[in-house]
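**Q** I am attaching a structure below and will ask some questions about it afterwards.
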Amino acid sequence: MEEAAPKVLAHVEEVLQGHQEQLLAHMDSWLQSLEVRLEQGTAQVPRSMPTYNDLPVGHLYSEGSQGKRRPPARLSKAPSMNSYDRARQAHTRVVEESEKIQIQLRESRSKTLHVCQRYAQWIVDSQSCNLFFGFAVVTNSLLLGFHLEWQAVTRDFSSGVSVFTTLHTMYSLLFTVEVCLRLTADGFWKYVWESSDWAWNWLDIFVVLSSWVELASELFHHGQSSTSTNSNLRILRLLRIGKLVRVVRVVRVVKFFRSLRTLVQSLLGTMKALFWAMLLLALIIYIFSILFTDAVIDHVRDLQVEKLNNTELEESFGTLYDSYLTLFRSISNGVTWGEPADALESIPEGTIWVQLFQFYIAFCSFAVLNVMTGVFCNSAIKAAERDHEMLVMSLVQSRRELKDQVATLFHRIDQRGLGQVTIEDFERHFDDDAVIAFFESLEIGAMDAWTLFSSLDMDGDHTISVEEFTERCVKLHGPARSADLYALRHITDKHSEQLYQIEDFQQRCHKRLDQLSRAMLVQHDEDVHENNEEVVKQNWL
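Structure, rendered in structure tokens:
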């Protein structure tokens, strides 16, 4: 049977190969018949529905063209693409190439714009640029004052091209360049609305536009001296005041004006408190004005006269407006409040009104104004504390000063001057009063020198460099912060989870070992039992 098996397999393989050849032959004949039928079907298509293969090339472009008609092309086994499809593909290829060119142009423009924007951003962020334009703002303000003083002394109000006009044109060009640089760096929408300095940006635009309008008006009205022209020019010159406000912009970027910026920020922070304080003061003055004006009017009614003989009483409390001004000036050192008080004695029950006036003076001077002062001081302090840029600058300055102090202490400990401190150097100076006081000022506490030394040694090489000493002292400065506590808690939770996983793994290992030990015991018992049975059988035999 083993010898017949290869013969059977060879016979089966020959039969299968013959069947495969027959199937391939049938498939070839079927494909040939199908091609013939397709050719016949194409030739029998009616003329009312011509195919593109039957039409000549000239007919594809113009039905009225004259020329010989080409015979219809027969279909081959791999039918070729007709002219219309090739034309459509050519059109698609041209469109795709055009779109690629457009995309490349847009990318080139975008890249160029991005480069310009980045370069402009680098310029406007540089301190030299801010100092230059700040200097231009200050000198322009001085030029405006000098020009006005020169006009006041010489009485020369002529307009037109002059030295001052040339200088104003130069400053206008500088301010225009500044606005264009900042507009290019930030983009239009960010510069106008989204930037944190959008109010300053609008002021810059206003200053530039007003400067060019003023220059154009001066050149347009050159040689004219009519009253209306001079009036219009005086109104346009008022727009120059906007340039003076730009001086405040310098304090945002120049460190030298740090104190001035704090004052400006504090003043801006008191605007809301100032509004409500002035409103309260206006209500108090209005109430007392009604009382004193009503008393004076009753006195005039009793006398049946149109005007009082006491001019002081008439001028101080004759109308509600006069009473309001008198009361406001009395508490703001505008007038001596004794004179209005003496004038009130001339009316009936004048002593009562004088005492009421004195109560008003005492109440506003000792209560209202002092409370307003306290509110203003509190608002100013909070406004200065809310200034993010000032806070960052102060923190950076404090950190720099702390690093300098730490570096000085390190060089004091490193007496050899090698830039490295060992444990012996650290222990030798650890009991020094200056070192102890310094670490206490940093709120860095340690029980012994080794604990602090190991805390300062970042790379674990048992020596401390000046960089390690500085960085670790800055990080250990002060009590534990919330971020440090959160990081410690996160590490603790992670370690706890790892310990739980190790414990679970150990339990599973113990269970597995118990199972293996039981299985080994059972197998051992079975082996012992089998050996005993074999020994018994051998003994029996």
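What the sequence shown shows, in UniProt numbering, is residues 1 to 541, in sequence order.
For glycine and all other residues, C-beta sits at the position ideal for the given N, C-alpha and C.
Given the structure is predicted, the values throughout are model-derived calculations rather than measurements.
Look at the Cβ atom of residue 208, then the Cβ atom of residue 164, and state whether they are nearer than 8 Å.
**A** Looking up residue 208 in the sequence shown gives position 208. Looking up residue 164 in the sequence shown gives position 164. Result no, Cβ atoms of residue 208 and residue 164 do not sit closer than 8 Å.
**Q** In its own chain, which residues sit with a C-beta less than 8 Å from the C-beta of residue 172, not counting the 5 before and 5 after it?
**A** For the purposes of this step, residue 172 is identified with residue 172 of the sequence shown, where counting begins at 1. Contacts found: 208, 211, 212, 215.
**Q** Quick one: any contact between the region 288–299 and the region 317–325, if contact means 3 or more CB pairs under 8 Å?
**A** The region 288–299, when compared against the region 317–325, does touch it at the 8 Å Cβ threshold.
**Q** Cβ atoms of residue 477 and residue 402: under 8 Å apart, would you say?
**A** The sequence position of residue 402 within the sequence shown is 402, counting from 1. The sequence position of residue 477 within the sequence shown is 477, counting from 1. It is a contact, given that the beta carbons lie within the stated cut-off.
**Q** Please report the distance separating the alpha-carbon of residue 467 from that of residue 125.
**A** Translated into the one-based positions of the sequence shown, residue 467 becomes position 467. Translated into the one-based positions of the sequence shown, residue 125 becomes position 125. The alpha-carbon atoms of residue 467 and residue 125 are separated by roughly 30 Å.
**Q** Which whole-angstrom value describes the C-beta separation of residue 369 and residue 331, a residue pair presumed to lie in contact below a C-beta threshold of 8 Å?
**A** To locate residue 369, count along the sequence shown from 1; it is residue 369. To locate residue 331, count along the sequence shown from 1; it is residue 331. About 7 Å separates the two Cβ atoms, so the contact holds.
**Q** Alpha helix (DSSP H) containing residue 278: first to last residue?
**A** One-based indexing of the sequence shown puts residue 278 at position 278. Unbroken alpha helix (DSSP H) run through residue 278: 271–303.
**Q** Spatial neighbours of residue 195 within its chain, please: C-beta separation below 8 Å, excluding the five flanking residues on both sides.
**A** Start at 1 with the first residue of the sequence shown, and residue 195 comes out as number 195. Excluding sequence neighbours, residue 195 sits near 186, 201.
**Q** Just to check my reading of the structure: residue 312 and residue 343 have Cβ atoms closer than 8 Å, yes? What is that Cβ distance to the nearest angstrom?
**A** The residue given as residue 312 occupies position 312 in the sequence shown. The residue given as residue 343 occupies position 343 in the sequence shown. Contact flag correct, Cβ pair sits at about 4 Å.
**Q** Pull up the CB-CB distance for residue 123 and residue 181, whole angstroms please, since I reckon it's below 8 Å.
**A** The residue labelled residue 123 in the question sits at position 123 within the sequence shown. The residue labelled residue 181 in the question sits at position 181 within the sequence shown. So it is a contact: roughly 6 Å between Cβ atoms.
**Q** Work out the CA separation of residue 338 and residue 386 for me, nearest whole Å.
**A** The residue labelled residue 386 in the question sits at position 386 within the sequence shown. The residue labelled residue 338 in the question sits at position 338 within the sequence shown. Roughly 44 Å between the two C-alpha positions.
**Q** Touch check for the region 298–305 and the region 369–383: three-plus C-beta pairs under 8 Å?
**A** Result no; under three Cβ-Cβ pairs closer than 8 Å.
**Q** Excluding the 5 residues preceding and the 5 following residue 421 in the sequence, name in chain order all residues of the same chain whose CB lies nearer than 6 Å to its CB.
**A** For the purposes of this step, residue 421 is taken as residue 421 along the sequence shown, with counting starting at 1. The residues are 413, 414, 464.
**Q** Helix, strand or coil for residue 466 per DSSP?
**A** The residue labelled residue 466 in the question sits at position 466 within the sequence shown. Reduced to three states, the DSSP call for residue 466 is helix.
**Q** Counting C-beta neighbours from all protein chains within 10 Å, is the total for residue 398 16 or more, i.e. buried, or is it exposed?
**A** As a position in the sequence shown, residue 398 is number 398, starting the count at 1. Flag for residue 398 reads exposed.
**Q** What residues in its chain sit with their C-beta under 7 Å from that of residue 184, if we drop five residues either side in the sequence?
**A** Locating residue 184 in the sequence shown gives position 184, counting from the first residue. Contacts found: 116, 117, 120.
**Q** Do you know offhand how far residue 177's Cα is from residue 142's?
**A** Against the sequence shown, residue 177 aligns to sequence position 177. Against the sequence shown, residue 142 aligns to sequence position 142. Distance between the alpha carbons of residue 177 and residue 142 is about 20 Å.
**Q** Smallest Cα separation from residue 285: which of 265, 217, 356, 267?
**A** Counting from one through the sequence shown, the residue named residue 285 turns up at place 285. Answer by Cα proximity: 356.
**Q** Measure from the alpha carbon of residue 455 to the alpha carbon of each residue in 423, 540, 206, then state which is nearest.
**A** Here residue 455 corresponds to residue number 455 of the sequence shown, with the count starting at 1. Checking every option, the nearest Cα to that of residue 455 belongs to 423.
**Q** Thinking residue 406 and residue 469 are a contact (beta carbons under 8 Å), I'd like their distance in whole angstroms, please.
**A** Numbered from its first residue, the sequence shown carries residue 406 at position 406. Numbered from its first residue, the sequence shown carries residue 469 at position 469. With 8 Å as the limit, residue 406 and residue 469 qualify as a contact, their Cβ atoms being about 6 Å apart.
**Q** Using only the alpha-carbon positions, how far apart do residue 85 and residue 100 sit?
**A** Position 85 of the sequence shown, counted from the first residue, corresponds to residue 85. Position 100 of the sequence shown, counted from the first residue, corresponds to residue 100. Taking the straight line joining both Cα atoms gives about 22 Å.
**Q** Mark residue 261 as exposed unless 16 or more other C-beta atoms lie within 10 angstroms of its C-beta, in which case mark it buried.
**A** As a working note, residue 261 is residue 261 in the sequence shown. That one is buried.
**Q** Suppose the cutoff is 6 Å on Cβ atoms and the five residues either side in sequence are ignored; what does the same chain contact list for residue 265 look like?
**A** Translated into the one-based positions of the sequence shown, residue 265 becomes position 265. The answer, listed in chain order, is 383, 384, 387.
**Q** In terms of residue numbering, what span does the alpha helix (DSSP H) encompassing residue 353 cover?
**A** To locate residue 353, count along the sequence shown from 1; it is residue 353. It spans 350–362 - the alpha helix (DSSP H) in which residue 353 sits, taken as one unbroken run.
**Q** Given that a residue counts as buried once 16 or more other Cβ atoms are within 10 Å of its Cβ, and exposed if not, what is residue 29?
**A** Within the sequence shown, the letter at position 29 stands for residue 29. Counting Cβ neighbours within 10 Å, residue 29 comes out exposed, since fewer than 16 surround it.
**Q** I need the straight-line Cα distance from residue 500 to residue 488, nearest angstrom please.
**A** Along the sequence shown, one-based indexing puts residue 500 at 500. Along the sequence shown, one-based indexing puts residue 488 at 488. When rounded, the distance between both Cα atoms is 18 Å.
**Q** Measure the C-alpha to C-alpha separation of residue 329 and residue 335 and round it to an integer number of angstroms.
**A** Taking the sequence shown and counting its residues from 1, one reaches residue 329 at position 329. Taking the sequence shown and counting its residues from 1, one reaches residue 335 at position 335. C-alpha separation (whole angstroms): 6 Å.
**Q** Restricting to Cα atoms, I'd like to know which of 491, 418, 409, 269 is closest to residue 432.
**A** Position 432 of the sequence shown, counted from the start, is the residue given in the question as residue 432. Looking at the Cα atoms, 409 is the closest of the given residues.
**Q** Per DSSP, what kind of secondary structure is residue 335 in: helix, strand or coil?
**A** Your numbering for residue 335 matches position 335 in the sequence shown. Residue state, collapsed to three classes: coil.
**Q** Got a sec? Which residues, its chain only, sit under 8 Å from residue 147 by beta carbon, not counting five neighbours each side?
**A** Taking the sequence shown and counting its residues from 1, one reaches residue 147 at position 147. Cβ within range, chain order: 164.
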